[in-house]
Amino acid sequence: MRKLSILGSTGSIGKQTLEVARKAPSDFTVEALTCGSDIDTLFDQIKEFRPKVCSVVNEEKAVELEAKLKSAGIATEVLKGNEGNITVATLDCIDTVVGAIVGFAGLEPVYHGILGGKDIALANKETLVAGGDIIMPLIREKGVNMLPIDSEHSAIWQCLKGEKREDLDRILITASGGPFRGMSREQLENVTVEDALHHPTWNMGGKITIDSATMMNKGLEIIEAHHLYGIACSKIDVVVHPQSIIHSMIRLKDGSVLAQMGRPSMVLPIEVALYYPDRGPSIVTEFDPFAEGMSNLTFEPCDTEVFRLVKLAYETGDKGGLYPAVMNAANESAVMSYLAGKIRFLDIERTVFETVEKMDPIIRNASLTIETIEQTDRDARVYAGEIINRKINE
Ligand code: NDP
Ligand code: MG
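Take a look at the structure:
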């Protein structure tokens, strides 16, 4: 039985994790749940799962939730702020942290969870993009498991089972191509937030949906795979596969290519992570090779001249150090401004490129520690904020 602390339980991955836990109450206990501010959803989840502890980043909302739980006669303890997330990730009563917070905010609690000897089931890719060089050695030092949830990384992980790491030659990471696949730069200038939020195959939170539209998501995933599987970014190829049936492939040194397949659903990769090293029961729709569309699985290259953030991810991933943290922070700032309707679609890319360029002399020879990563994240957001303000006033 896994004893879970689910960080970001009110989000898309958090809810689907609870779906897995709900189906198998004898395999999981839900000991802790957290959110940013959505206490209505959190309240319903607490009512159903009765965790010992919960945490809310927004302190006013935490107080509100505490009162609501008290009047409902529910004894779940309420913690607040970032400290609350760290406490929840290190509780004695848990053995597994599900990292389903969106963005860099997920790094600190995951870091403390590892220090506390917990297994990490990780959806929150930004944690590895910004902090992979610290997180992965710590995973090995503490002897805990890193259980990938991101569907491509789950696919790669499953393909690698039973293979020797030195036999891995290349990773072929698949991408749906997002809602703007095949568009030109001119067309991208005028896309709306609504268009960008309309993903063809996956239903996800707002930030990752925009990252899929800019293809930054694939860039982040290249760096995520580099850290998880110890392979150079230059050995990871992006394969655009609009049907999202093959979730990724590996090529071994003898040329053999292994793939993992399934209908696009995050429930399965969550299940694969949480049942590791076993296999759980089948709770997703059965895979039908004769279903509509299945006879037409297609593959095409990613146009990195149109989706330039993919190219930048290869560059920052190869440079390593603090470069990916800068790219990630600038991207988060720009995506939030885009979602708020303040900047245009291609301004996301422009903001990220300019921030990386501006911070280059500062980070070029900087040391890499958890503190320098956190400081760099803050600094990059300031630079990105200035660029964004300039764009708003243009
Ligand atoms: P959502 O936006 O749906 O959910 C994010 C969760 O994090 C919510 O519970 C939210 O709380 C909480 N949260 C937001 N900001 C903070 C903060 N500053 N501190 C603490 N908690 C916070 O995101 P997704 O579930 O889509 O994505 C989560 C992560 O998983 C991302 O890193 C994403 O890239 C990754 N991922 C997601 C996939 C998907 O299918 N959705 C697929 C693969 C990876 P509240 O609800 O109160 O705002
Ligand atoms: Mg993915």
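Take 1190 as the starting number for the sequence shown in my numbering and just add one per residue. For every residue, glycine included, the Cβ atom is placed at its ideal position computed from N, Cα and C. The model shown is predicted, which means the values in this text are computed figures rather than measured ones.
Cβ distance (whole Å) where residue i is taken to contact residue j below 8 angstroms
| i | j | result |
| --- | --- | --- |
| ILE1338 | LEU1317 | The Cβ separation is near 12 angstroms, so there is no contact. |
| GLU1272 | GLY1295 | About 15 angstroms separates the two Cβ atoms, so there is no contact after all. |
| PHE1369 | ALA1518 | Contact doesn't hold; Cβ gap of about 24 angstroms is too wide. |
| ILE1435 | MET1455 | With a Cβ gap of about 16 angstroms, ILE1435 and MET1455 do not count as contacting. |
| GLU1220 | ILE1275 | Contact doesn't hold; Cβ gap of about 15 angstroms is too wide. |
| LEU1254 | LEU1231 | 7 angstroms |
| THR1265 | LYS1241 | 7 angstroms |
| LEU1268 | SER1244 | 4 angstroms |
| ILE1411 | ALA1344 | At roughly 14 angstroms, the Cβ-Cβ gap does not stay under 8 angstroms, so ILE1411 and ALA1344 are not in contact. |
Any non-hydrogen atom of the ligand MG within 7 angstroms of residue i CB
| i | result |
| --- | --- |
| ASP1443 | no |
Closer than 7 angstroms: residue i CB and nearest the ligand NDP heavy atom
| i | result |
| --- | --- |
| GLY1419 | no |
| LYS1314 | yes |
| VAL1246 | yes |
| THR1199 | yes |
| LYS1396 | yes |
| GLY1321 | no |
| ASP1536 | no |
| ILE1290 | yes |
| SER1433 | no |
| ALA1278 | no |
| MET1393 | yes |
| CYS1348 | no |
| ASN1274 | yes |
| SER1226 | yes |
| GLY1332 | no |
| ALA1364 | no |
| THR1223 | yes |
| MET1525 | no |
| GLY1262 | no |
| ALA1294 | yes |
| MET1455 | yes |
| ILE1202 | yes |
Local Cβ density within 10 Å of residue i, reported as buried at 16 or more and exposed below that
| i | result |
| --- | --- |
| ALA1278 | buried |
| SER1423 | exposed |
| ALA1421 | exposed |
| THR1565 | buried |
| ASP1477 | exposed |
| ASN1554 | exposed |
| ASP1281 | exposed |
| PHE1488 | exposed |
| GLY1419 | exposed |
| LEU1433 | Looking at the sequence shown, residue 1433 is not Leu but Ser. The residue is buried, with at least 16 neighbouring Cβ atoms inside 10 Å. |
| ASN1392 | exposed |
| GLU1560 | exposed |
| GLY1367 | buried |
| HIS1387 | exposed |
| ILE1581 | exposed |
Test: residue i CB closer than 8 angstroms to a CB of chain B
| i | result |
| --- | --- |
| ARG1567 | The structure shown contains no chain B; it is built from a single protein chain. |
Bridge-paired residues (DSSP) for residue i
| i | result |
| --- | --- |
| ASP1308 | THR1285 |
| THR1279 | THR1279 pairs with nothing; no bridge assigned. |
| SER1244 | THR1223, LEU1268 |
| ILE1362 | VAL1427 |
| PRO1337 | LEU1311 |
| GLU1446 | In the sequence on display, residue 1446 carries Val and not Glu. BP columns for VAL1446 point to ARG1440. |
| ARG1191 | PHE1217 |
| GLU1489 | VAL1429 |
| LEU1196 | GLY1288 |
Review point. What residues does the ligand NAD have around it, judged by CB closer than 6 angstroms to any heavy atom, in chain order?
Key: Absent from the structure shown: the ligand NAD. Ligands present: the ligand NDP and the ligand MG.
**Study point:** Complete alpha helix (DSSP H) runs within the segment 1338-1404 (minimum length 4 residues, chain order)
**Key:** Here the runs fully enclosed are 1340-1349, 1374-1378, 1382-1385, 1395-1403.
Practice item. Output the residue ranges of the beta strand (DSSP E) runs that lie fully inside the segment 1490-1536 and measure 3 residues or longer, sorted by chain position. Key: Those beta strand (DSSP E) runs which fall completely within the segment 1490-1536 and span 3+ residues do not exist here.
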